[in-house]
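Residue numbers (my numbering): 674 to 994.
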């Protein structure tokens with residue numbers, strides 16, 4: 674029986690706009706990560722978005738995606754949206770809708786390989802195809818204007834500084850022409866585990882966030898590449914055999930300011946993964962005689978939950994439901 678708590682993403686983001694907070698969207702590549710995110714959302718009384726990327730998971734999408742929905746339906750006690758992040762093709766979005774996702778992102782800011790920027794009009798045309806499809810299924814749609822830097826899961830491969838900042842005029846034209854529910858802006862962030870060099874703190878375009886929100890209060894604004902990359906989490910990974918380069922991400926203070934100016938969905942992948950990987954590496958080093966996977970998996974889940982709960986507090990979504 675479908676859960677009353679599995680909702681279109683637009684439902685969650687409308688409430689976030691009313692309350693002046695952002696909803697965290699946490700990337701998951703295993704069913705255990707899906708369960709971990711929903712579990713902490715229940716505990717923190719926070720709405721949450723569970724998001725997945727085509728081809729990024731421990732099982733094929735056709736198996737993984739329906740199971741992810743089942744996990745959400747079986748465990749959610751707070752509003753949850755199941756979202757496709759960085760849908761590179763119309764077909765990816767259609768598959769996600771068929772598998773029961775309640776929201777999809779058609780990322781047509783670049784070509785399907787994630788390398789070459791598309792023109793604004795091509796971006797609009799591709800996004801509009803998905804909006805038309807999703808409308809018949811009651812599914813929310815996110816688009817992207819401008820291009821966010823960095824690389825990694827679903828985001829293509831490019832440098833941290835390889836981005837094209839969104840203009841207010843393009844954002845307004847894109848949103849009003851496509852009718853998207855949510856819109857990712859390129860305001861100076863970067864995807865991936867290695868972001869900006871240490872000491873080169875990114876400078877977000879807070880003026881653009883404020884101007885676009887003022888012009889389009891009915892469209893939820895989305896911040897991609899928001900992870901902080903805590904140095905202690907990187908150090909923990911590296912202390913147990915890892916080789917992750919330290920880098921500078923987005924500070925908690927900058928995220929709070931972005932929320933205050935109108936960001937309503939904030940994506941997090943790297944911070945969750947750093948916490949998970951550091952904990953599992955540490956657990957395995959401390960339990961060299963153990964071979965049962967459930968204990969090390971649980972260690973990763975619990976560490977990820979700490980990172981997710983911390984993000985929810987920063988985004989202002991704790992104790993909202």
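All C-beta atoms, glycine included, are put in the ideal place defined by N, C-alpha and C.
Do the region 686–694 and the region 960–967 make contact, defined as three or more Cβ pairs closer than 8 angstroms?
no
Which complete beta strand (DSSP E) runs does the region 771–815 hold, if anything under 3 residues is left out?
776–779
What is the residue span of the alpha helix (DSSP H) that residue 760 lies within?
Counting along the chain, residue 760 sits inside no alpha helix (DSSP H); it lies in the beta strand (DSSP E) bounded by residues 753–760.
In this structure, how does DSSP classify residue 832 when only helix, strand and coil are distinguished?
The predicted model places residue 832 with a pLDDT of 45, which falls under 50 and marks its position as unreliable; any figure quoted below should be read in that light. Three-state result, residue 832: coil.
Could you give the DSSP three-state label for residue 867: helix, strand or coil?
Summary for residue 867: the model assigns pLDDT 49, below 50, so the residue's position carries little reliability, and this model does not support an answer.
May I ask you to verify whether the region 890–899 touches the region 845–861, counting CB pairs closer than 8 angstroms and requiring at least 3?
yes
Taking the alpha carbon of residue 764 as the point to measure from, which residue in 736, 749, 795, 807 has its own alpha carbon closest?
Selected option, being the one with the closest Cα: 807.
Given 8 angstroms as the limit, is there contact between the region 874–886 and the region 839–856, that is, 3 or more CB pairs closer than that?
yes
Does the distance from the C-beta atom of residue 939 to that of residue 988 stay below 7 angstroms?
yes
Nearest CA to the CA of residue 912: which residue from 788, 892, 954?
954
If we ignore side chains and look at the alpha-carbon of each, how far apart do residue 876 and residue 928 end up?
12 angstroms
What span of residues does the alpha helix (DSSP H) with residue 879 cover, start to end?
879–888
Compare the Cα-Cα distances from residue 724 to each of 735, 757, 708 and report the closest residue.
The option with the nearest alpha carbon to residue 724 is 757.
For residue 750, three-class secondary structure by DSSP
coil
Buried or exposed for residue 742, please, with buried defined as at least 16 other CB atoms from any protein chain shown within 10 angstroms of its CB.
Under this definition residue 742 is a buried residue.
Pick helix, strand or coil for residue 911, following the three-state DSSP scheme.
helix
Given this structure, state the Cα-to-Cα distance separating residue 714 from residue 683, to the nearest angstrom.
18 angstroms
Continuous beta strand (DSSP E) stretch holding residue 689: start and end
Where residue 689 is concerned, there is no enclosing beta strand (DSSP E), although the alpha helix (DSSP H) it sits in stretches over 682–692.
Nearest to residue 728 by alpha carbon, out of 760, 706, 705?
For the residues 760, 706, 705, the minimum Cα distance to residue 728 belongs to 760.
At which residues does the beta strand (DSSP E) containing residue 700 begin and terminate?
Element bounds for residue 700: 696–700.
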